[in-house]
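Undergrad: Sharing a structure, written as structure tokens. Questions coming.
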Amino acid sequence: MPLLGSFCLLFALALALCCFVTGILATRRQDATGIRLGEIARRAGMASFIAVSGAALALMWAALNNDFSVAYIFHHTNRVLPVPYKIAALWSGQEGSLLFWAWLLAGYGFVLRIRHKVDRKLTAMASIIIAGVQIFFLTVVNFAANPFGILDKVPADGAGLNQLLQYPEMVIHPPMLYLGYVGFSVPFAFALAALILRYPGEKWIHITRRWTMVTWLFLTCGIALGSHWAYAVLGWGGYWGWDPVENASLFPWLSGTAFLHSVMMQEKRGMMKIWNVWLIFITFMLTIIGTLLTRSGIISSVHAFAQSSIGEWFWWFLVVVLVFCSFIFFKQRDHLKPENTMESLASRESSFLFNNLLLLGACFTILCGTFFPILSEWVRGYKINVGPPFYNKVFIPVGLILLFLTAVGPLLAWRKTSMGSVIRNFRVPAILALLTAIGLIVFGVRPMHDIAQFFSWLTLTMAMMISATIATEFIRGGRVLQNKLGGTLFGGMYHLTRRNTRRYGGYIVHFGVAVLVMGIAGTAFNLEEEQPMALHAKLQVGRYTLVNQATTQDDTARYESESALLDVYKDGKFITQLAPELRTYKPNDQPDHIVANHSTLPEDLYVVYEGRDSDGSPVIKAHVNRLVAWVWIGVWIVILGTGVALVPNAAQIKSPVTVAEVLAAKQFQPAGVGK
Amino acid sequence: MKKFAQVTVMAVALIFITGADNSDQARVNKIGSKIMCTCGCGQMLLQCNHVGCPNSGPMIRQLQANVQKSSSDEDVLKWFRDNWGVTAVVEPASHGFELLAWIMPPAALALGLGLIILVVRNWKRRMVSAAIAGVPVDPQIEAFRSRARRETEL
Numbered sequence: 112m113p114l115l116g117s118f119c120l121l122f123a124l125a126l127a128l129c130c131f132v133t134g135i136l137a138t139r140r141q142d143a144t145g146i147r148l149g150e151i152a153r154r155a156g157m158a159s160f161i162a163v164s165g166a167a168l169a170l171m172w173a174a175l176n177n178d179f180s181v182a183y184i185f186h187h188t189n190r191v192l193p194v195p196y197k198i199a200a201l202w203s204g205q206e207g208s209l210l211f212w213a214w215l216l217a218g219y220g221f222v223l224r225i226r227h228k229v230d231r232k233l234t235a236m237a238s239i240i241i242a243g244v245q246i247f248f249l250t251v252v253n254f255a256a257n258p259f260g261i262l263d264k265v266p267a268d269g270a271g272l273n274q275l276l277q278y279p280e281m282v283i284h285p286p287m288l289y290l291g292y293v294g295f296s297v298p299f300a301f302a303l304a305a306l307i308l309r310y311p312g313e314k315w316i317h318i319t320r321r322w323t324m325v326t327w328l329f330l331t332c333g334i335a336l337g338s339h340w341a342y343a344v345l346g347w348g349g350y351w352g353w354d355p356v357e358n359a360s361l362f363p364w365l366s367g368t369a370f371l372h373s374v375m376m377q378e379k380r381g382m383m384k385i386w387n388v389w390l391i392f393i394t395f396m397l398t399i400i401g402t403l404l405t406r407s408g409i410i411s412s413v414h415a416f417a418q419s420s421i422g423e424w425f426w427w428f429l430v431v432v433l434v435f436c437s438f439i440f441f442k443q444r445d446h447l448k449p450e451n452t453m454e455s456l457a458s459r460e461s462s463f464l465f466n467n468l469l470l471l472g473a474c475f476t477i478l479c480g481t482f483f484p485i486l487s488e489w490v491r492g493y494k495i496n497v498g499p500p501f502y503n504k505v506f507i508p509v510g511l512i513l514l515f516l517t518a519v520g521p522l523l524a525w526r527k528t529s530m531g532s533v534i535r536n537f538r539v540p541a542i543l544a545l546l547t548a549i550g551l552i553v554f555g556v557r558p559m560h561d562i563a564q565f566f567s568w569l570t571l572t573m574a575m576m577i578s579a580t581i582a583t584e585f586i587r588g589g590r591v592l593q594n595k596l597g598g599t600l601f602g603g604m605y606h607l608t609r610r611n612t613r614r615y616g617g618y619i620v621h622f623g624v625a626v627l628v629m630g631i632a633g634t635a636f637n638l639e640e641e642q643p644m645a646l647h648a649k650l651q652v653g654r655y656t657l658v659n660q661a662t663t664q665d666d667t668a669r670y671e672s673e674s675a676l677l678d679v680y681k682d683g684k685f686i687t688q689l690a691p692e693l694r695t696y697k698p699n700d701q702p703d704h705i706v707a708n709h710s711t712l713p714e715d716l717y718v719v720y721e722g723r724d725s726d727g728s729p730v731i732k733a734h735v736n737r738l739v740a741w742v743w744i745g746v747w748i749v750i751l752g753t754g755v756a757l758v759p760n761a762a763q764i765k766s767p768v769t770v771a772e773v774l775a776a777k778q779f780q781p782a783g784v785g786k
Numbered sequence: 002m003k004k005f006a007q008v009t010v011m012a013v014a015l016i017f018i019t020g021a022d023n024s025d026q027a028r029v030n031k032i033g034s035k036i037m038c039t040c041g042c043g044q045m046l047l048q049c050n051h052v053g054c055p056n057s058g059p060m061i062r063q064l065q066a067n068v069q070k071s072s073s074d075e076d077v078l079k080w081f082r083d084n085w086g087v088t089a090v091v092e093p094a095s096h097g098f099e100l101l102a103w104i105m106p107p108a109a110l111a112l113g114l115g116l117i118i119l120v121v122r123n124w125k126r127r128m129v130s131a132a133i134a135g136v137p138v139d140p141q142i143e144a145f146r147s148r149a150r151r152e153t154e155l
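For the protein sequence lines, the chains are Y and P, in the order given. Heads up, the final residue of the first sequence is numbered 786 in my numbering, and it's a clean run with no missing numbers. Heads up, the final residue of the second sequence is numbered 155 in my numbering, and it's a clean run with no missing numbers.
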């Protein structure tokens, strides 16, 4: 089976090369031979997916059948590993995850090539570009990080999978993240293809709109799952540690978010064409930088795989991509002249422009922090670490301005908005935000107590402002349709959303972001206590009292464990029992915390079994993490909103209009018509 | 408007009534959040839950002692840089080469903002010069346009 896998990989590389070369030849001929060559290229590209699938399945088969003659299988699995984690071994190590990258890319390429009828010429060029990217990854997997390397002597059992990865979310977190990373290759390929072909209009944007949204959704889910995994497994009480690899997933997410907003300016007003093309080029390059960070080991991270020379391959690939994109851009830049210009700073266009500036500013900030250790090593000879305090100080102000723009942006019209209109539309959200700010102080938030509380106070106020803006947009639009179609206000809001899913789906996403940041803002009010807890000892944290009722030990095939059984009382009333656990996995004696979490909407009681003190008593650390559940609820709302935005618009219901309805409609002055 | 001003003044007053917490424990939490455990676990000093960690215990005790001894947070951080290596502190200093980390993000944002203002001014100037050049405009169409803008704010 390893031999078959190796053969499939080589065959896939040959097919990708065939697709690339014959594709280029086909573009140079306009006759029947050109058409035949184009078809050969398309079929070769599709066949490359089947070949890479063969290689990926061969590796999975080896994992499932404990074929420890394959070095990769030996290093990342063992006999007692449950089946889902054996499958997850495909993306648990360097070589396997690169094969997984190549597989997903071939899969995206397959879908693109099968849907070639959307626009044969543009798809053919995009297919060549995808094939170029495939050639790079397949070359790396074949010659620099082959997952089918054979051991001289077959061991009886494998080394096992890193115990931190033995968690259900880790089976789906990397695929989601990779689907997000790899997916940006498709809009990149279409943008580059449209530029090479000097394609008229915004067709590439229309074709890639759903691709980009789906890719962004995958990346969002991947990041959220990773955060949840960190919260549930790592046992330090948080969900975001500003680890370099976590940061790497944010680079393309931030630039991709900027792209999703700025393409609207090109679609509606024919503006920002150069900006959009470069934004998607940069997003693609950032996905490669993200992969480089994870693979090369140039930056120490809990995610990074071993140090390897693979980083050089990625640096060279980045250089090639940058040089090629720059060359095409300078050659064809006259094709990207804007059709319109901005008329006023008080307009939807300018809000998108500032939104883009801030998103890219945030991206640059994280990029600076992530690469500063390398920069300092080059300049000073030693690494200067950059951790959470830096990111919190620099990122939070940028994030707050972004939140303000999220609240104000939907109220601005395209081209120009009068001050009167801004004041009229913004009155209710501003009053509600002010009331929230005062209410928070009345209920005990102390913005001047410390800087964290100040930022939380501002964030919660902004979250309210965003929610109020969105609610007023839904209610005003819903009322118009309620008057027109009859029924309830909710019915009107439903029809409103169905008629412009992209706009109102986008608002739901914004609402999700508001809920999510509300959850993050709770961090400022977290509490924690740690102490040894002998039998029947008590630990007080906030309003909770924990009483140790028993300690137990266990020994299974995979790990040894110790746990404490704790009765939990809130304000003296029994609410639940928690059993935090410490496991020591057998193959490598690595400890792993199994956190016990009692989650409610206002707060989580998060309990960690830290170990034993010198007297043998279990040491328990208890955190009260405020509003964490809202982070996950916010993510679900973002997913829902993106799902709504992906649904095609419903056809307009045409009915005769009465004079009274026209008068009623005149009362409604939409703030941002046409989004 | 008067009521709005009164409410704003009250809100600001409420904010400033509350005082800042400068207790030793608050300083330990604040400074501790800038220091990393050096055992290799990759966690912040105060969050290190690595069982049997040889470094976090002594480091936290040294932090508490230094906070009592010194009134300057920067001096405490310098002590950790000198005794546990520059990589122990994960917040770049606000002087020397490390200042670059603090300057780069706002500088990039300011540069971007400047560029946006330049581009928008350039666009506006072009629009004005096009209008001065006397591009023939159908008054009827212009009237329709301005009415549509007024009524729909498109």
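In this text, a Cβ means the ideal position worked out from N, Cα and C, and glycines have one as well.
With Ala200/Y and Thr188/Y assumed to form a contact (beta carbons below 8 Å), what rounded beta-carbon distance in angstroms separates them?
TA: About 5 Å; that satisfies the 8 Å criterion.
Undergrad: Using a cut-off of 8 Å between C-beta atoms, extract the partners of Lys35/P located in chain Y.
TA: Within chain Y, the residues near Lys35/P are Gly498 and Pro500.
Undergrad: Rounded to the nearest angstrom, what separates Thr394/Y and Cys49/P at their Cα positions?
TA: Spanning the two alpha carbons is a distance of roughly 34 Å.
Undergrad: On a Cα-Cα basis, can you pick out the residue from Ala574/Y, Leu478/Y, Ala304/Y and Phe299/Y that is closest to Leu365/Y?
TA: Per the Cα distances, Leu478/Y.
Undergrad: Name the chain P residues that come within less than 8 Å of Leu468/Y, Cβ to Cβ?
TA: Here the neighbours are Leu110, Gly113, Leu114 and Ile117.
Undergrad: Cβ closer than 7 Å: which chain P residues qualify as neighbours of Lys494/Y?
TA: Those within 7 Å of Lys494/Y in chain P are Thr88.
Undergrad: Can you tell me which residues form a DSSP beta bridge with Ile731/Y?
TA: Note: Ile731/Y sits in a beta bridge opposite Gln642/Y and Tyr720/Y.
Undergrad: With a floor of 4 residues, list each alpha helix (DSSP H) that falls wholly inside the stretch 185 to 264 of chain Y, ordered by position along the chain.
TA: Those alpha helix (DSSP H) runs which fall completely within the stretch 185 to 264 of chain Y and span 4+ residues are 194 to 199, 205 to 225 and 231 to 250.
Undergrad: If you draw a straight line from the alpha carbon of Leu646/Y to that of Pro499/Y, how long is it in whole angstroms?
TA: Approximately 37 Å between the Cα atoms of the pair.
Undergrad: So for Asn659/Y, helix, strand or coil by DSSP?
TA: Note: Asn659/Y maps to strand in three-state DSSP.
Undergrad: Quick one: give me the first and last residue of the beta strand (DSSP E) that Val137/Y is part of.
TA: The sequence given here places Ala at residue 137/Y; Val does not occur at that position. Element bounds for Ala137/Y: not the beta strand (DSSP E) but the alpha helix (DSSP H), Pro113 to Arg139.
Undergrad: Measure the C-alpha to C-alpha separation of Leu121/Y and Val251/Y and round it to an integer number of angstroms.
TA: Cα to Cα, the separation comes out at about 11 Å.
Undergrad: For Gly472/Y and Leu223/Y, I'd like the C-alpha separation in whole angstroms.
TA: Taking the straight line joining both Cα atoms gives about 32 Å.
Undergrad: Could you check what DSSP says for Pro286/Y in three-state terms: helix, strand or coil?
TA: It is helical.
Undergrad: In the structure shown, what three-state DSSP assignment does Phe685/Y receive?
TA: Three-state result, Phe685/Y: strand.
Undergrad: What residue does the alpha helix (DSSP H) around Leu276/Y start on, and which one ends it?
TA: Taken as a continuous stretch (DSSP letters only), Leu276/Y belongs to no alpha helix (DSSP H), as it is neither H nor E.
Undergrad: Quick one: complete alpha helix (DSSP H) runs, 4+ long, within the stretch 474 to 529 of chain Y?
TA: Segments of the alpha helix (DSSP H) lying fully in the stretch 474 to 529 of chain Y: 499 to 519.
Undergrad: Using a beta-carbon distance below 8 Å, is Trp172/Y in contact with chain P?
TA: So, not an interface residue.
Undergrad: Could you check where the alpha helix (DSSP H) with Arg309/Y kicks off and where it finishes?
TA: Careful: Arg309/Y lies outside any alpha helix (DSSP H) and carries neither H nor E.
Undergrad: Name the DSSP beta bridge partners of His36/P, please?
TA: Per the sequence presented here, residue 36/P reads as Ile, with His not at that position. DSSP output for Ile36/P lists Val90/P as bridge partner(s).
Undergrad: On the three-state DSSP scale, how would you describe His704/Y?
TA: Residue state, collapsed to three classes: strand.
Undergrad: When you compare each of Leu447/Y, Ile146/Y and Met629/Y to Arg231/Y by their alpha carbons, which one comes out closest?
TA: Residue Ile146/Y is the option with its Cα nearest to Arg231/Y.
Undergrad: Determine whether the Cβ of Val679/Y lies closer than 8 Å to any Cβ atom of chain P.
TA: By this cut-off, Val679/Y is not an interface position.
Undergrad: Helix, strand or coil for Asp76/P? Go by DSSP, reduced to three states.
TA: Asp76/P: helix per DSSP, three-state reduction.
Undergrad: Can you tell me where the beta strand (DSSP E) with Glu65/Y in it begins and where it stops?
TA: The question about residue 65/Y has no answer, for chain Y in this structure spans 112 to 786.
Undergrad: Do the stretch 543 to 562 of chain Y and the stretch 571 to 584 of chain Y touch if we need at least three Cβ pairs shorter than 8 Å?
TA: Yes, they touch.
Undergrad: List, in chain order, every chain P residue whose beta-carbon is nearer than 9 Å to that of Phe122/Y.
TA: In chain order: nothing, as chain P lies at least about 41 Å away.
Undergrad: What is the residue span of the alpha helix (DSSP H) that Thr580/Y lies within?
TA: Unbroken alpha helix (DSSP H) run through Thr580/Y: Ile562 to Leu596.
Undergrad: For Cys119/Y, tell me which candidate among Trp214/Y, Val297/Y, Arg139/Y and Leu175/Y has the shortest Cα-Cα distance.
TA: Ranking Trp214/Y, Val297/Y, Arg139/Y and Leu175/Y by Cα distance to Cys119/Y puts Trp214/Y first.
Undergrad: With contact counted as at least three CB pairs below 8 Å, one residue from each stretch, are the stretch 234 to 242 of chain Y and the stretch 129 to 143 of chain Y in contact?
TA: Judged by Cβ distances under 8 Å, the stretch 234 to 242 of chain Y makes contact with the stretch 129 to 143 of chain Y, as three or more pairs qualify.
Undergrad: Quick one, which of Ile542/Y, Asn503/Y and Asn611/Y has its alpha-carbon nearest Ala563/Y's?
TA: Taking only the C-alpha atoms, the option nearest Ala563/Y is Asn503/Y.
Undergrad: According to DSSP, simplified to helix, strand and coil, what is Leu677/Y?
TA: Reduced to three states, the DSSP call for Leu677/Y is strand.
Undergrad: Along the stretch 195 to 213 of chain Y, where does the CB come closer than 7 Å to a CB of chain P? Name the residues.
TA: Within the stretch 195 to 213 of chain Y, no residue has a Cβ that lies closer than 7 Å to any Cβ of chain P.
Undergrad: Measuring alpha carbon to alpha carbon, tell me which of Ile619/Y, Cys332/Y, Phe501/Y and Val652/Y ends up nearest Val90/P.
TA: It is Phe501/Y.
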